[in-house]
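Numbering follows UniProt numbering, in which position 144 of the sequence shown is assigned residue number 144; successive positions increment by one, without gaps. Working notes for the structure below.
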Amino acid sequence: MVRHSNPEAVWSLDSLFGSSRSTPLALLSQVACVSKMSAKPSNRLAVALFRTMLKWSRSNADVPFSLRTGDLAVLAPTLRRQRSNTNTSGASALAAPLFSTSASLLQHYAEMGAAAVPLIARAEYDACRTAAARSDEEQAEATAAALDRGLECVRLLHTVYHQQLTAMRDMRQDRSDKTGVKFAVGQTFIHKKYGYRGVVYGWDRQCQRDDDWLKAMNVTNPNQPFYYCLPDETDCTRLFGGVRITKYCAQDNIQAISDTRIVHRALDAHFVAYSPTLSRYIPVKKTQYEYPDQYEAEDAAPVGDDANLLAQPEVEPSPATRLRSGRSKGRGFVSVKA
């Protein structure tokens, strides 16, 4: 284990790391190598790491990303249950337990994203202060372990998570231009040819599949928007004899419909609510960020049974069955409510 303890290197860490969203990783290596020469860990390095993580958290607070639960468990093993006498909104929510035997609790804090980083920073800083009360040998080992975790956290924030947030910002900038895109995320539709209903959870300005897929799907116009969709499972069971998890649909092949709820097992992974007024599903925060739009709705209610297959009536597989909306003798739908 590397002993990160050189006081003379701290000023560089503190001054350079806080000035940009990207970290000079070469400096991390220099600090680690020089620190091996010192026997006593440095509190100044702990302070520098603490400040660096706080600065990173503040500069990326606008992006609703999630931390990996595995990273949380490794980087902050010293965190224990804490209680707060204040309400659980805003920053005070950070005082709630971060780690327990409950995987759902760990996932909750992972989804806090940048807001959880100060917890990790504080935990490692406190670990260094607690170690100061031990004997020299125990202090050196405990503090070095905390500093190792702190440096690893800074490295991850400025590499893995920096890349993730950069991609999300690029996506948001690109998806802000909706020229030529007729369907919004959360909008429901019916497929003109096959007759299943679905909901849009993403889109590409042009088809992003390879030539083999285009040939297999008989796509004649790939230069139009294509949509990532969740098809209604009851419709797919009736029409195709089994469920279809996702669909990638050309804009020309779908028609907007209103007052329609979709049944799909993964619906609550992409959407948090449904608004009857907007006749639209409200996507999760990450998708809202990447696909900016007006998502506010006073009547938005949880998706509830839409994602619960057990709450739905059993459907007999029958590929030849038509939707109750009715079809014409051709392939197009008639009497569809737009």
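Glycine included, every Cβ here is placed at the ideal spot set by N, Cα and C.
- Membership of residue 70 in the alpha helix (DSSP H) is indicated by the continuous run 69-75.
- In the DSSP annotation of this structure, the continuous segment of the alpha helix (DSSP H) that includes residue 161 starts and ends at 160-175.
- Rounded to whole angstroms, the separation of the alpha carbons of residue 59 and residue 124 is 20 Å.
- When DSSP states are grouped into helix, strand and coil, residue 125 belongs to the helix group.
- Proximity of the segment 240-259 to the segment 178-185 meets the contact definition, three or more beta-carbon pairs being nearer than 8 Å.
- Comparing alpha carbon positions, the residue from 241, 245, 239 and 47 closest to residue 231 is 245.
- Counting C-beta pairs with one atom in each stretch, the segment 58-77 and the segment 136-144 have fewer than three that are closer than 8 Å, which means they do not touch.
- For residue 270, no beta strand (DSSP E) run applies; the uninterrupted alpha helix (DSSP H) run containing it begins and ends at 267-270, by DSSP.
- When the five nearest sequence neighbours on each side are left out, the beta carbons in the same chain lying within less than 7 Å of the beta carbon of residue 247 are those of 198, 229 and 231, in order along the chain.
- Burial state of residue 166 is exposed, judged by a 10 Å Cβ sphere holding fewer than 16 other Cβ atoms.
- Cβ neighbours of residue 53 within its own chain (closer than 6 Å, five residues either side excluded): 117 and 121.
- Taking the Cα positions, residue 200 is about 51 Å away from residue 44.
- The C-beta distance from residue 175 to residue 291 rounds to 5 Å, short enough to fall under 8 Å.
- A contact between stretches requires three or more CB pairs, one per stretch, nearer than 8 Å, and the segment 252-268 meets this requirement with the segment 187-194.
- Collapsing the DSSP output to three states places residue 179 in coil.
- The beta carbons of residue 205 and residue 225 sit closer together than 8 Å.
- Per the coordinates, the alpha-carbon of residue 289 lies some 49 Å from the alpha-carbon of residue 136.
- Look at the segment 275-308 and you find these whole runs of beta strand (DSSP E), each 3 residues long or longer: 280-283.
- Take the alpha-carbon of residue 195 and the one of residue 50: they are about 56 Å apart.
- In the structure shown, the three-state DSSP call for residue 220 is coil.
- Closest in alpha carbon position to residue 270, among 255, 298, 240 and 302, is 302.
- A Cβ-Cβ contact shorter than 8 Å links residue 297 with residue 282.
- Here residue 146 is buried. Its C-beta has 16 or more other C-beta atoms within 10 Å.
- Scanning 46, 129, 305 and 63 for the CA closest to the CA of residue 170 turns up 63.
- Counted as a single uninterrupted DSSP element, the stretch harbouring residue 207 is not any beta strand (DSSP E), since DSSP gives it neither H nor E.
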